[in-house]
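See structure below.
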Amino acid sequence: MRLLVLTLFLIALITLPLWGSRYVVSVVMLICLHVTIASMWNLLAGYSGLISLGQQMFIGIGGYTLAVSSMYYGFPISLSVLAGGVVSVILALVISRPVSRMRGVYFAVGTWIIAETLGITFSNWGYVRYGMGLFIQPAYKLSIPSIYYAAVILGVCSVLLVYLLLRSNLGLALMAIRDDDGASEAVGVNIFRCKLACFLISAFVTGLAAGVLYLNTIFIQPFEAFGIGWTVKLLFIVIIGGMGTVEGPVVGGIIFVLLQQFLSDYVGFNLMILGTITIATIFFAPRGIVGTFQNRFHFEFFPIRRQ
Amino acid sequence: MLTSLEPLLNGILLGGLYAVIGIGLALTFGIMRQVNLAHGELMILSSYLSLVFISLLGLHPLLTLCLVFPSLFIIGYLIQTYLFNRVLGRGMEPYLMVSFGLSIILQNAMLKVFTPDARSLKTSLAIQSLDVYGLFHVPVIYLVDFTGGIVLIGLLHFFMKKSYLGWAIRASGDDLSTSKLMGVNTARVYAIAMGIAAVTAAMSGVLVGMTFTFYPHSGTQYLIVAFGVVIIGGMGSLWGTFLGGLILGVAQLMGGQFLGPGFQLLSGYLILLIVLTIRPQGLLGRK
C-alpha cells in the first residue's frame with residue numbers, strides 16, 4: 000500500500016513535464032527545492048538539536064560557486080552544481096571546530112553571524128562584482144525540464160537520505176543524544192562526530208540545491224543569497240510541517256510554496272500571514288501538521304523507529 | 000598621530016549607544032534564559048513611534064521619550080504575557096521561533112504603514128561637532144548617545160539592586176522555583192522585565208533614529224549589534240554589556256578607518272566570531 004502510493008507519486012513527478020503546464024512544472028520544481036533545503040535544516044534542528052539560523056551561508060556559497068565556476072572557468076553546469084556542494088562541505092568543515100563550541104542560542108546566533116559576515120565579504124569583493132550580483136549566463140541555455148528533473152532528484156533523494164540516515168546507526172545515536180546526551184556519551188556515542196556528520200551532509204545537499212535553485216533564478220546577489228530570509232522560509236516550512244519528522248518538510252514545503260503563489264498578489268501581507276501562521280502553529284499544534292497527525296492516528300509514512 | 004585617536008574616541012562614544020541596544024537582550028536573557036529575536040524590531044518601532052509623535056505634536060525627539068517609554072513598556076508587557084509566557088518552559092526553540100515570527104510580523108507591518116523610505120529623527124544636534132583643541136572632531140550626537148547610554152544603564156543597575164521589584168526580577172532569574180515558593184508571581188515579573196527591556200529598546204531606537212537613518216528592516220541589523228554586545232560582554236551581566244558595547248564600537252570604527260568603510264560592519268562581526276570561538280560565555284560572563 001505504502002509502496003503503491005509512493006510509486007504513483009514518483010510516476011506523477013517524473014511524467015509531469017509531459018502533461019503539466021509550464022506553470023505547474025515550475026511550481027513543483029520550487030516545491031522540490033524547498034523540500035530539499037528544509038529537510039536538511041530539519042536534519043540539523045529536528046534530530047541533532049542544532050538550531051542553525053545560518054543555513055543561508057550554504058545557499059550563498061553553493062550559488063556563487065556555481066556562478067563562478069560555470070562563468071569564469073567554463074566548467075559544465077552539472078560539474079559546477081556539484082562543486083557548489085563540495086565547497087559548502089569545505090566551508091562546513093572549516094567552521095565546524097569553532098561552532099562546535101557554541102551551544103543552543105550561541106550556535107543559532109553564531110551561524111547567523113557567519114552567514115552575515117560572508118554576505119558582507121561577498122558584497123565587498125570585486126571578483127564577484129560586489130553587491131551588484133552576477134547573471135549566471137550559462138544557465139540561459141538550459142531547458143525548464145532539465146532543471147525540473149534535477150530538482151526532483153534532489154527532493155526525492157534528500158527525503159530518502161534523511162529516512163535512511165535515521166534508520167542507520169547514526170540515526171540511533173542521534174536519537175540517543177537527543178533523549179539524554181550525558182548517558183549516550185557514557186555508553187560510547189561520539190557526540191561531536193555524529194553532529195559533524197549531520198552538519199556536513201546538510202551543507203553538501205543544501206549547496207547542491209542552491210546550485211539548482213540559482214540555475215532557475217539565473218541572478219545571484221550577496222544580500223539575497225546570504226540573507227536571513229532563507230531561514231525565515233525554512234523555519235516556516237519545518238514548523239508548519241512538523242519538526243523532527245521525515246514527512247514534515249515535505250508537507251510544509253508544499254504548503255509554503257502554494258501559499259506563496261496564492262499570496263503573491265498581497266505583497267507585504269504575505270510575510271505577516273506566514274509569521275502569524277507560524278506562531279499559531281507553535282501555540283496550538285507544537286508538533287506541526289505531520290506530528291499532530293501521527294499522534295492522533297499512530298501512522299507514519301516513513302517510520303524511523305524499529306518495531 | 001593624535002588624529003588616529005579620533006576613531007578610538009568616537010568608537011567608545013558609539014559603544015555607549017551599542018550598550019543600550021544590547022542591554023535589553025542581556026536583561027531578558029539573564030532572567031529568562033531566552034533570547035527575544037524581535038528586539039531589533041521593537042527598537043525600530045520606537046523610532047517610528049517617536050517620528051509619529053514628532054509630526055503630531057512637534058516635540059523634540061528626546062522629549063518624545065516621555066510618550067515612547069510608556070507605549071513600549073505596555074507593548075513589552077503584553078507580548079510577554081500573551082505570547083512568550085505561553086511557550087516558557089518548553090525549551091529554547093519555541094521561544095526563539097515565536098519571537099522570530101513576531102519580528103517578521105512587526106517588520107512587514109512597519110513596511111506597510113511607514114513605507115520603505117529612509118527616515119531619521121532630525122535635530123540640530125545631528126550636524127554639530129565638537130572640536131577638541133583642533134585635534135579631533137567629535138559629533139555632538141555621539142556624546143548624547145553615550146550620555147543616554149550611561150544614564151540608562153546606571154538607572155537600570157540601581158533599579159535592579161535597590162528596588163523590591165528589582166529583587167523579585169533577579170530572584171526569578173536566579174532560582175525560579177524558590178522565588179515562586181516565596182510568593183513571587185513569576186509570570187508577572189517576566190512581563191515587567193520584558194516591559195523594561197522594551198523601554199531600553201525605546202531609548203536605543205530614539206537615539207539610533209537621531210544618529211542614523213532607519214528603514215523598516217533596520218531591526219535585523221541592530222539585533223546583530225545587540226547580540227554582538229551581549230556575546231562579547233557575556234549574557235546576563237550589565238557591566239559586561241557596557242564593555243561589550245565599547246569593544247564593538249571601537250572595533251567597527253577602527254576597522255572602518257584603517258581598512259575602508261566597507262569593513263566597518265565586517266570588523267565588528269569578526270571580533271564577535273573570535274570571542275564566540277574562544278570564550279563562548281562572553282568576556283565577563285559566567286559559565
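From first to last, the protein sequence lines are chains A and B.
Just so we're aligned: 133 in numbering that gives the first Met the number 0 is position 134 of the first sequence, and the numbers increase by one with no gaps anywhere.
Just so we're aligned: 51 in numbering that gives the first Met the number 0 is position 52 of the second sequence, and the numbers increase by one with no gaps anywhere.
Glycine included, every Cβ here is placed at the ideal spot set by N, Cα and C.
The structure displayed is predicted, hence computed values, not measured ones.
- Task: Let me know if W111 of chain A comes out buried or exposed under the rule of 16 or more other beta-carbons within 10 Å of its beta-carbon.
- Result: buried
- Measure the beta-carbon distance from F222 of chain A to S122 of chain A and round it to whole angstroms, keeping in mind my assumption that it falls under 8 Å. 7 Å
- Item | Burial state of H297 of chain A (16 or more Cβ within 10 Å) | exposed
- Quick one: does G261 of chain B have its CB under 9 Å from some CB of chain A? yes
- Should W238 of chain B be labelled buried (16 or more other beta-carbon atoms within 10 Å of its own) or exposed? exposed
- Query: Does DSSP put I219 of chain A in a helix, a strand or coil?
  - Reply: strand
- Query: If you follow the alpha helix (DSSP H) that S77 of chain A is part of, which residue opens it and which one closes it?
  - Reply: From DSSP, the alpha helix (DSSP H) with S77 of chain A extends over 76-99.
- Under 9 Å, do T276 of chain B and R100 of chain A count as touching if we go by C-beta distance? In this structure, T276 of chain B sits near R100 of chain A, with a CB-CB distance shorter than 9 Å.
- Which residues in the same chain as A172 of chain A place their Cβ atom closer than 6 Å to its Cβ, once the five residues preceding and following it in sequence are excluded? V188, C193
- Simplified DSSP assignment, three categories, for S20 of chain A: coil
- Task: Report yes or no: do three or more beta-carbon pairs, one from the stretch 49-64 of chain B and one from the stretch 178-192 of chain B, lie closer than 8 Å?
- Result: no
- Message: Can you check whether the C-beta of N123 of chain A is within less than 9 Å of a C-beta belonging to chain B?
- Response: yes
- Query: Who are the near neighbours of Q306 of chain A in its chain, counting only those whose CB is closer than 8 Å to its CB and skipping five residues on each side?
  - Reply: Legend: pLDDT at Q306 of chain A = 47, less than 50; position of this residue unreliable, value from coordinates given subsequently. Answer for Q306 of chain A: no residue qualifies.
- Query: Can you pull the DSSP bridge partners for R118 of chain B?
  - Reply: B:F213
- Going by Cα to Cα distance, which pick from B:N35, B:L26, B:S49 is closest to M209 of chain B? B:S49
- Message: Suppose contacts are defined by Cβ-Cβ distances below 9 Å. Is V237 of chain A in contact with G247 of chain A by that definition?
- Response: With contacts defined as CB atoms closer than 9 Å, V237 of chain A and G247 of chain A qualify as a contacting pair.
- From the beta carbon of N84 of chain B, is the nearest beta carbon of chain A less than 9 Å away? no
- Query: Residues of chain A with a CB under 7 Å from the CB of V97 of chain B: which are they?
  - Reply: I278, I281
- Query: According to the neighbour-count rule (16 or more other Cβ atoms, all chains shown, within 10 Å of its Cβ), is G10 of chain B buried or exposed?
  - Reply: G10 of chain B is buried by the Cβ-count criterion.
- Message: When you compare the CB of A182 of chain A with every CB in chain B, is at least one pair closer than 9 Å?
- Response: no
- Just confirm the distance between the C-beta atoms of L133 of chain A and A209 of chain A, as a whole number of angstroms; I'd bet it's less than 8 Å. Not really, about 14 Å apart at Cβ, beyond 8 Å.
- Message: My output table needs one value for P138 of chain B: the three-state DSSP class, helix, strand or coil.
- Response: strand
- Message: Run through chain A and tell me which residues come within less than 9 Å of T122 of chain B, C-beta to C-beta.
- Response: Correct list: empty, because the minimum Cβ distance to chain A is about 30 Å.
- Message: Taking the alpha helix (DSSP H) that L269 of chain B belongs to, which residues open and close that run?
- Response: In this chain, the alpha helix (DSSP H) harbouring L269 of chain B covers 262-277.
- Item | Contact check, I13 of chain A vs V211 of chain A, beta carbons under 9 Å | no
- Query: Got a sec: which bits of the stretch 9-38 of chain B sit with their beta carbon under 7 Å from any beta carbon on chain A, in order along the chain?
  - Reply: V34
- Message: Given this structure, state the Cα-to-Cα distance separating Y268 of chain B from G21 of chain B, to the nearest angstrom.
- Response: 15 Å
- Contact set for A190 of chain B: own chain, Cβ-Cβ below 6 Å, skip 5 residues either direction: Y76, Q79, T80
- Query: Could you give the distance in angstroms between the alpha-carbon of S95 of chain A and the alpha-carbon of G45 of chain A?
  - Reply: Computed Cα separation, rounded: 19 Å.
- Message: I need the boundaries of the alpha helix (DSSP H) containing I41 of chain B, first residue and last residue.
- Response: According to the sequence displayed, residue 41 of chain B carries Leu and not Ile. Run containing L41 of chain B: 38-56, per the alpha helix (DSSP H) assignment.
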